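Note sheet for the following structure.
Number of protein chains: 2
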Amino acid sequence: MAQDLDTVFAALADPTRRAILSMLLEDDMAVTDVADPFEMSLAAISKHLGVLTKARLISQERRGRVKWCKLEPDAMKSASVWMQGFGQFEPVHLDAFERFLAVELQDEDPVTQIDGSDVSG
Amino acid sequence: MAQDLDTVFAALADPTRRAILSMLLEDDMAVTDVADPFEMSLAAISKHLGVLTKARLISQERRGRVKWCKLEPDAMKSASVWMQGFGQFEPVHLDAFERFLAVELQDEDPVTQIDGSDVSG
DNA sequence: CGTATATTCAACCAATCGGTTGACGATTGC
DNA sequence: GCAATCGTCAACCGATTGGTTGAATATACG
Chain S
1 MAQDLDTVFA
11 ALADPTRRAI
21 LSMLLEDDMA
31 VTDVADPFEM
41 SLAAISKHLG
51 VLTKARLISQ
61 ERRGRVKWCK
71 LEPDAMKSAS
81 VWMQGFGQFE
91 PVHLDAFERF
101 LAVELQDEDP
111 VTQIDGSDVS
121 G
Chain B
122 MAQDLDTVFA
132 ALADPTRRAI
142 LSMLLEDDMA
152 VTDVADPFEM
162 SLAAISKHLG
172 VLTKARLISQ
182 ERRGRVKWCK
192 LEPDAMKSAS
202 VWMQGFGQFE
212 PVHLDAFERF
222 LAVELQDEDP
232 VTQIDGSDVS
242 G
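Chains as they are written, first to last, in the numbering used here: chain S, 1 to 121; chain B, 122 to 242.
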């Protein structure tokens, strides 16, 4: 559906949300841990996670008082398929680590942030 | 760069703009002709084309008093590469006509609009 | 039980978005 | 030259976005 593409692309348009997705590529995470490397409030991250969930790019499962966030690549796949209509984009075969790097390198800012180097107060 | 992805994904998040892109898949078009199937004003379409141009998803070349719009698939490709970090999306080998259909079918509304059937006011 | 932790909710804010209208600047053609 | 065509610009509008803060809700722990 077109509306799915609306929400998926809109979700991907924000660098914070893309950073969150690449963090979740490593492992499932609790909301608080997702929020940790960012300078913004927990509530803001919670909203971002809501946007990602609505776009079905992630799923959230509550276990006890902790809500675990998990990457759901299918939604991204359908967007990717739509894009493929515009050219034969070579699939660039990557192994797990290279996939991670590919994402990290395209998205520069969040890496610095996630690294937690020197985030000014 | 991350900012490129911002503008590309944001541009793709709007159904009118995706419809424009799939129209341009068939052929280059003048701004007026792009606007024709839509119910909104020419100025609105002009703005949409501006967003697409800024994202480098299209280019615009003025020839006489007509401005021609041309699809530029490279920007979409870089977004597509970013996405591939999240999974091995099979490349779905399509020929030219099938590529066009793939795009059209994913994006339903615009087709109806382009068809000009009955878009309520 | 009481308190700390995890997360969301609600209200608010400034900025951006997607659309409108009317005026305007170029270019074309009778 | 003058009128029609092509396209953008500027001002405006309501809705949405991305952030804040403070309070509220659950769950866990000691």
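Just so it is clear, CB atoms sit at the ideal spot from N, CA and C, and this is done for glycine as well.
Nothing here was measured: the structure is a model prediction, and the numbers come from that model.
Residue-chain proximity (residue i, chain S), Cβ-Cβ < 7 Å
i      : result
G208/B : yes
M204/B : yes
M197/B : yes
P158/B : no
L133/B : yes
D127/B : yes
Local Cβ density within 10 Å of residue i, reported as buried at 16 or more and exposed below that
i      : result
S41/S  : exposed
A19/S  : buried
L5/S   : buried
R111/B : Outside the shown range of chain B, which is 122 to 242, sits residue 111/B, and nothing can be said about it.
Closer than 7 Å to chain B by CB, residue i
i     : result
A2/S  : yes
L42/S : no
S80/S : yes
Counterpart residues of residue i in DSSP-defined beta bridges
i      : result
M29/S  : C69/S
R184/B : V187/B
I179/B : L192/B
Anticipated Cβ contact below 8 Å, residue i with residue j, distance rounded
i      : j      : result
L178/B : L142/B : 6 Å
K191/B : S180/B : 5 Å
P15/S  : A123/B : 5 Å
A134/B : A43/S  : The pair is not a contact, with the Cβ atoms about 23 Å apart (cut-off 8 Å).
K47/S  : T7/S   : Not quite, the Cβ-Cβ distance comes to about 14 Å (not below 8 Å), so this is no contact.
message = Is it the case that the region 153–168 of chain B contacts the region 194–206 of chain B, given that we only count it when at least three CB pairs across the two stretches are under 8 Å?
response = no
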